[in-house]
Amino acid sequence: MYDPSKIEPKWQKYWAENNTFKAEVNPNKDKYYVLDMFPYPSGAGLHVGHPEGYTATDIVSRFKRMNGLNVLHPMGWDAFGLPAENYAIKTKIHPKETTQKSMGVFRGQIQSIGFSYDWNREINTSSPEYYKWTQWFFLFLYKNGLAYKKLAPVNWCESCKTVLANEQVIDGSCERCKNEVVQKELSQWFFKITDFIEDNGKTDGLLTGLKKIDWPNGTLISQENWIGKSTGANVDFKVKNSKEVIQVYTTRPDTLFGATYMVLSPEHPLVDKLATSEYADKIEKYREVTKKKSDLERTELNKNKTGEFIGAYAINPVNNKEIPIWIADYVLTGYGTGAIMAVPAHDERDWEFAKKFDIPMIEVISGGNIEKEAYVGDGKLVNSDFLNDSNVEDAKSKIIQWLEEKKIGEGAINYKLRDWSVSRQRYWGSPIPIIHCEDCGEVPVPEKDLPVELPDDVDFVPTGVSPLHKSKTFQDVTCPKCGKKAKREADTMDTFVCSSWYMFRYTDPQNDKEFASKEAMKNWCPVDLYVGGAEHTVMHLLYARFFTKVLHKFGYIDFDEPFTKLRHQGMILGEDGEKMSKSRGNVINPDDVIKKYGADTLRVYEMFMGPFEAVKPWSTKSIEGSFRFLQKVWKLVEEKEVIDDVVVTKDLASLLHKTIKKVTEDIESFNFNTAISHMMIFANEVQKHKSVSKPLMEKFALILSPFAPHLCEELWSMLGHKETLAYEKWPEYDEKLVVDSTFNLVFSVNGKVRGKKEVEVGISEEDAISTALEDEGVKRNIEGKEVIKKIYVPNKLVNIVIK
RNA sequence: GCCGCGGUGGUGAAAUUGGUAUACACGAAAGACUUAAAAUCUUUUUCCUUCGGGAGUGUGGGUUCAAGUCCCACCCGCGGCACCA
68 MYDPSKIEPK
78 WQKYWAENNT
88 FKAEVNPNKD
98 KYYVLDMFPY
108 PSGAGLHVGH
118 PEGYTATDIV
128 SRFKRMNGLN
138 VLHPMGWDAF
148 GLPAENYAIK
158 TKIHPKETTQ
168 KSMGVFRGQI
178 QSIGFSYDWN
188 REINTSSPEY
198 YKWTQWFFLF
208 LYKNGLAYKK
218 LAPVNWCESC
228 KTVLANEQVI
238 DGSCERCKNE
248 VVQKELSQWF
258 FKITDFIEDN
268 GKTDGLLTGL
278 KKIDWPNGTL
288 ISQENWIGKS
298 TGANVDFKVK
308 NSKEVIQVYT
318 TRPDTLFGAT
328 YMVLSPEHPL
338 VDKLATSEYA
348 DKIEKYREVT
358 KKKSDLERTE
368 LNKNKTGEFI
378 GAYAINPVNN
388 KEIPIWIADY
398 VLTGYGTGAI
408 MAVPAHDERD
418 WEFAKKFDIP
428 MIEVISGGNI
438 EKEAYVGDGK
448 LVNSDFLNDS
458 NVEDAKSKII
468 QWLEEKKIGE
478 GAINYKLRDW
488 SVSRQRYWGS
498 PIPIIHCEDC
508 GEVPVPEKDL
518 PVELPDDVDF
528 VPTGVSPLHK
538 SKTFQDVTCP
548 KCGKKAKREA
558 DTMDTFVCSS
568 WYMFRYTDPQ
578 NDKEFASKEA
588 MKNWCPVDLY
598 VGGAEHTVMH
608 LLYARFFTKV
618 LHKFGYIDFD
628 EPFTKLRHQG
638 MILGEDGEKM
648 SKSRGNVINP
658 DDVIKKYGAD
668 TLRVYEMFMG
678 PFEAVKPWST
688 KSIEGSFRFL
698 QKVWKLVEEK
708 EVIDDVVVTK
718 DLASLLHKTI
728 KKVTEDIESF
738 NFNTAISHMM
748 IFANEVQKHK
758 SVSKPLMEKF
768 ALILSPFAPH
778 LCEELWSMLG
788 HKETLAYEKW
798 PEYDEKLVVD
808 STFNLVFSVN
818 GKVRGKKEVE
828 VGISEEDAIS
838 TALEDEGVKR
848 NIEGKEVIKK
858 IYVPNKLVNI
868 VIK
């Protein structure tokens, strides 16, 4: 009887005891680094979504090993983070304890699925041995001028006295107490990721790097949009009766003649200087309202623009016309110059604003109807003096040249991407290795003093300051420079910092001299295949690329993209087609599935459900099919007569070789579902025979083994082998057996199928057509009609075209 | 609103990239084995049909000898972003 509860623990024990999957440097083999996005060990335990990605990488890992590659396939824990801290606030149990416990549960669950990880390389971002090097990275960036401090707003809840992460702010209120969240300015650390957007000497930038990696198209586009590069011009506008000059940024310098007003962001520094006193009250009021607006309110106002005239006028440099200056919150302080020239005829936002406040429009691009809506398309320029009759593109370059000659503007580039804010006013993260001294200012902790360990004597209840402030042992130190009393930085680092470099640590996880040796990284990196959820399309992947580029620039590594090939698993939904969640009660626990069917069935089912990247619902019924398949395979060896030299029919041999070909190709292309369906077809066919051939079943066990490793190890030993099949040579298919000698020639009339006949491959066009014309179905359909054309597609079909 | 992904049987999904639509699996129905049930095996299973056929891949057009696949317009679902000048 096929009893996975017996054979699975047996083989898991065997692999562990024999260190079967230990990865060691081997100069005689090419390397292959297969990485899963490491999980956050949550208290809820493993979700069925986890093994989906892990099974795919495990299939590839086992497949690559059998193809003679030296595979690195590690696993670890992204263990710092907010949920553990919030749980600690609620229960008073230390996050270290809960995290330790969760990691144990996760490890046990993952091991029970039989993944071929090298557990000798397990890492944990919350261990001092690991975060020592996260801190080293901070100092490395700091010393190279890539980490700096500046004031930045945080979400602040006045009643909880705490800083909130964006995901804790729901509709502008605190997730927990429902009170209003306000913006508060704090001094925080930033990493200069914007320095790496464009190419940088020999290092490709975050934009060009996207061109050379094999990632899902949507992910590449998201990264590009997130960086948000735009090309345009900065233009200086003089202010009437003032010496001040306002610089605006525009992507449409070609429409300069159509600018009929100007908008400054409410926080723009020139507003107070330029506004006339009669408008001061209104401006003050408007700023108050803006400050209170949550992000959501601001976006809802999309169609209902607000703003105030400030009583001053700017001079349009192309025609010396006076245009009114306004403030409005649709102009952002942090982008471009915080000021725009408004061209209502050719910009949707300016159009809405001008309509509402009755500001005139001037059409400068012909082709639209500006009474009805802003025209943003291409066309001939009008009302634009020396630009008239140019198209948009030519007008852009002409006006930029003109501005540059007059020295009142120049071509300019802007990005949406901002520097990465890494300070968190939290406990459960890596401390920032900086000491604040009254005399010396900010002083980096000397490398020899790393790690700066997280103190245990901390009360987590939020009181308005970072929890680390409350630990005296942590806070009070002497300045490494002058020896006077000083204070430690009390903020911790964003957990994304920990996960931005972990792929390097796996190559050399026990190193206490470096984050990883250059040799180890040279041997294993970059990651050849990276698999994880699509929720990391932007942040994690962008940050990891940034770290890689920094290391490349400073000569630590010789590649500048960390993940050569990336794939995302599609989310597994509950049986009701909804996202799995406790409150809906539709959560499937992988432990229960393993108990009922075994790990191999879980693996095969998750790969058989549908395309790897597709979102798909779980079905407790459908999984039976995967179990039946494995049971059937088991019975083929267990219950049938296995004969060494049985004469295999040509059909069966051909089917095996076709299956080998299909499975080989489908693993490479991530089409695991169709690989399994072909193996099912093979098993169904073999089942019809009384006895089975040993060599045939051996090959089949080998190609099924990446999917169902426990079962196949067992079959392998039943077939008389003493060693694991993990390093057996992957079967090759015989091209001659894969190609059929006959095929079904299809006859169609005007594209509609009317008949078919089995004929020899390579049949001549003449023969094919005459065979077609003899077919009853064809005869019936062309009788009495005029045949205009006869088309023959080699080894496929004949199409007779009639009038 | 913008960007991305998708829409094929009762269900999850295949379709060699323009050439036999619905492989494989689930479910359902019938049969075999059984005292019986479960399990297992076999057969049937897109829809309509006057049994000759006919229709059919979200909708409407188009290109082609030939369209699930390519082009145009639209509808619906899911995910992400949020006034970036």
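Position one of the first sequence corresponds to residue 68 (the working numbering), numbered consecutively onward.
Glycine included, each C-beta is placed from N, C-alpha and C at the ideal position.
Residue i - DSSP class collapsed to helix/strand/coil
i, result
"SER309", "coil"
"LEU609", "helix"
"HIS619", "helix"
"TRP282", "coil"
"HIS635", "strand"
"TYR81", "helix"
"THR716", "coil"
"ARG821", "strand"
"LEU113", "coil"
"ALA681", "coil"
"SER297", "strand"
"TRP144", "strand"
"ASP348", "helix"
"PRO498", "strand"
"ILE432", "strand"
Beta-carbon proximity check, residue i vs residue j, cutoff 8 Å
i, j, result
"TYR328", "TRP393", "yes"
"ILE710", "LYS755", "no"
"ILE869", "VAL828", "no"
"TRP256", "ALA300", "no"
"VAL704", "MET785", "yes"
"SER566", "ASP575", "no"
"ILE441", "TRP469", "Per the sequence presented here, residue 441 reads as Ala, with Ile not at that position. Not in contact: ALA441 and TRP469 (Cβ atoms no closer than 8 Å)."
"ILE180", "PRO118", "yes"
"SER169", "SER128", "no"
"ILE55", "LEU274", "With the chain represented from 68 up to 870, any question about residue 55 goes unanswered, as that position is not in the structure."
"PRO657", "VAL115", "yes"
"MET570", "LEU102", "yes"
"MET104", "GLY599", "yes"
"LEU640", "LYS646", "yes"
"GLU708", "LYS766", "no"
"HIS724", "VAL594", "no"
Beta-carbon contacts of residue i that lie in its chain and below 8 Å, excluding the five residues immediately before and after
i, result
"ASP185", "PHE88, LYS89, ALA90, LEU139, HIS140, PRO141"
"LYS210", "PRO511"
Close Cβ partners of residue i (< 6 Å) along its chain, the five nearest in sequence each way excluded
i, result
"ILE858", "ASN866"
"MET638", "VAL682"
"VAL660", "LEU669"
"THR357", "PRO333, ASP396"
"ILE480", "THR298"
Bridge partner(s) assigned by DSSP for residue i
i, result
"HIS503", "GLU509, LYS554"
"TRP256", "LYS216"
"TRP393", "VAL330, PHE376"
"LEU231", "ASN222"
"GLY543", "The residue asked about is misnamed: residue 543 is Asp in this sequence, not Gly. Partner(s): LYS554."
"SER758", "GLU708"
"TRP487", "PHE258"
"ASP103", "VAL598"
"LEU868", "Sequence check: residue 868 is Val here, not Leu. LYS856, per the DSSP bridge assignment."
"GLN250", "ASN222"
Other residues of its chain near residue i: CB distance less than 7 Å, five sequence neighbours each side excluded
i, result
"THR404", "ASN301, GLN314, VAL315, TYR316"
"ILE390", "ALA326, THR327, TYR328, MET329, TYR380, ALA381, ASN383"
"SER644", "Position check: residue 644 holds Gly in this sequence, whereas Ser was assumed. Around GLY644: PRO684."
"HIS745", "THR726, LYS729, VAL730"
"GLU706", "none"
"LEU368", "Interpretation of LEU368 is limited by its pLDDT of 49, a score under 50 that renders its predicted location unreliable; the figure taken from the coordinates is listed afterwards. Cβ neighbours of LEU368 beyond the five flanking positions: none."
"GLU853", "ILE869, LYS870"
"GLY476", "ALA300, ASN301, VAL302, ASP303, LEU470"
| said: Whether or not the segment 491-507 and the segment 548-564 are in contact is what I'm after, with contact meaning three or more pairs of Cβ atoms, one per stretch, closer than 8 Å; do they touch? | reply: yes
| Cβ contact (3+ pairs, closer than 8 Å) linking the segment 509-518 and the segment 534-543 | no
| said: Can you confirm whether the segment 738-752 touches the segment 686-703 when touching is taken to mean that 3 or more C-beta pairs between the two stretches lie within less than 8 Å? | reply: yes
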